[in-house]
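Asks:
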Amino acid sequence: MQLTKAYSEILLVSGKGFGNTELSAFDSALRDAGIGNLNLVRVSSIVPRGCRIVEKLNRPLIEGEILPCVYTHYESNRKGEVISSAISVALGPEYGVIAEYSGPTSKKDSERISEEIAIEMIEGRGLDLERIMKTSVELRVSDNFGSVVSAALFVR
């Protein structure tokens with residue numbers, strides 16, 4: 032059996048956007064996060080051993096590239112509503128976990144909820160928490176649909 036090489040980096044990003052439909056607002060948020068031209072494949076929540084969380088990649092992302100990621104998004108057309116999304120990465124001594132949350136709430140609340148989930152997940156695995164890293168975004172909906180997205184991209 033041949034094992035697949037684990038991903039070595041995770042890039043955390045968030046974005047927000049508006050559109051005439053939920054889908055176009057989501058697309059706008061993806062573009063704002065810098066990932067609108069990628070093919071995103073949703074995966075579950077485990078950070079591989081030795082994987083680093085980075086703020087910037089050492090290579091460009093190619094249009095159409097297929098990348099595994101954990102992401103969350105939320106759309107609304109309720110004028111004046113505050114919406115937000117957040118991803119928290121909890122790292123233990125050996126590996127880590129990723130938790131996501133989005134909804135009709137403040138950025139602060141989305142961060143808190145995703146962090147609480149990540150801590151529960153890492154403690155449930157019997158790991159000691161060494162560090163938490165987050166990305167989040169908030170948007171007040173106007174006349175159109177608004178969207179927020181937060182993602183953790185796995186990159187080799």
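Last residue of the sequence shown: number 187 in this note's numbering, and the count goes up by one each step with no gaps. Idealized CB from N, CA, C, for every residue including glycine.
On the three-state DSSP scale, how would you describe residue 138?
Replies: As a first step, residue 138 is located in the sequence shown; it is residue number 107 there, counting from the start. It is helical.
Asks: Tell whether a beta-carbon distance below 8 Å holds between residue 173 and residue 110.
Replies: For this step, residue 173 is matched to residue 142 along the sequence shown. For this step, residue 110 is matched to residue 79 along the sequence shown. Their beta carbons are under 8 Å apart, which means residue 173 touches residue 110 by this criterion.
Asks: Under 7 Å Cβ to Cβ from residue 122, same chain only, skipping five residues before and after it: list those, please.
Replies: Against the sequence shown, residue 122 aligns to sequence position 91. So the qualifying residues of the chain are 78, 161 and 162.
Asks: Take residue 32 and list the residues in its own chain whose beta-carbon comes closer than 6 Å to its own, dropping the five residues that flank it on each side.
Replies: Taking the sequence shown and counting its residues from 1, the one referred to as residue 32 is at position 1. At residue 32, the pLDDT of 49 sits below 50, so the modelled position is not reliable and the matter cannot be decided from this model.
Asks: Can you tell me which of the three DSSP states residue 71 falls into?
Replies: Sequence index remark: in the sequence shown, residue 71 carries index 40 (1-based). Residue 71: strand per DSSP, three-state reduction.
Asks: Quick check on the DSSP output: the beta strand (DSSP E) that includes residue 162 runs from which residue to which?
Replies: Locating residue 162 in the sequence shown gives position 131, counting from the first residue. Note, residue 162: beta strand (DSSP E), 162-171.
Asks: Grouping DSSP H, G and I as helix and E and B as strand, with all else coil, what is residue 90?
Replies: Stepping through the sequence shown from its first residue, residue 90 is reached at position 59. Of the three classes helix, strand and coil, the one that applies to residue 90 here is coil, per DSSP.
Asks: When the Cα atoms are used, what is the spatial distance from residue 146 to residue 81?
Replies: Start at 1 with the first residue of the sequence shown, and residue 146 comes out as number 115. Start at 1 with the first residue of the sequence shown, and residue 81 comes out as number 50. One C-alpha to the other measures close to 21 Å.
Asks: Please classify residue 69 as buried or exposed, where buried requires at least 16 other C-beta atoms within 10 Å of its C-beta.
Replies: As a first step, residue 69 must be located in the sequence shown, where it is residue number 38. Buried, since its Cβ has 16 or more Cβ neighbours within 10 Å.
Asks: Measure from the alpha carbon of residue 114 to the alpha carbon of each residue in 180, 54, 43 and 74, then state which is nearest.
Replies: In the sequence shown, the residue the question calls residue 114 occupies position 83. Selected option, being the one with the closest Cα: 180.
Asks: For chain C, find out if any of its Cβ atoms is closer than 8 Å to the Cβ of residue 122; answer yes or no.
Replies: Within the model displayed, chain C is absent; a lone protein chain is all it includes.
Asks: Measuring alpha carbon to alpha carbon, tell me which residue in 86, 129 and 52 is nearest residue 108.
Replies: Within the sequence shown, the letter at position 77 stands for residue 108. Of 86, 129 and 52, the residue nearest in Cα terms is 52.
Asks: Could you name the residues of the same chain whose beta carbon sits closer than 7 Å to that of residue 38, not counting the 5 residues immediately before and after it, in chain order?
Replies: On the sequence shown, position 7 is the one that residue 38 refers to. 79, 82, 185, 186 and 187.
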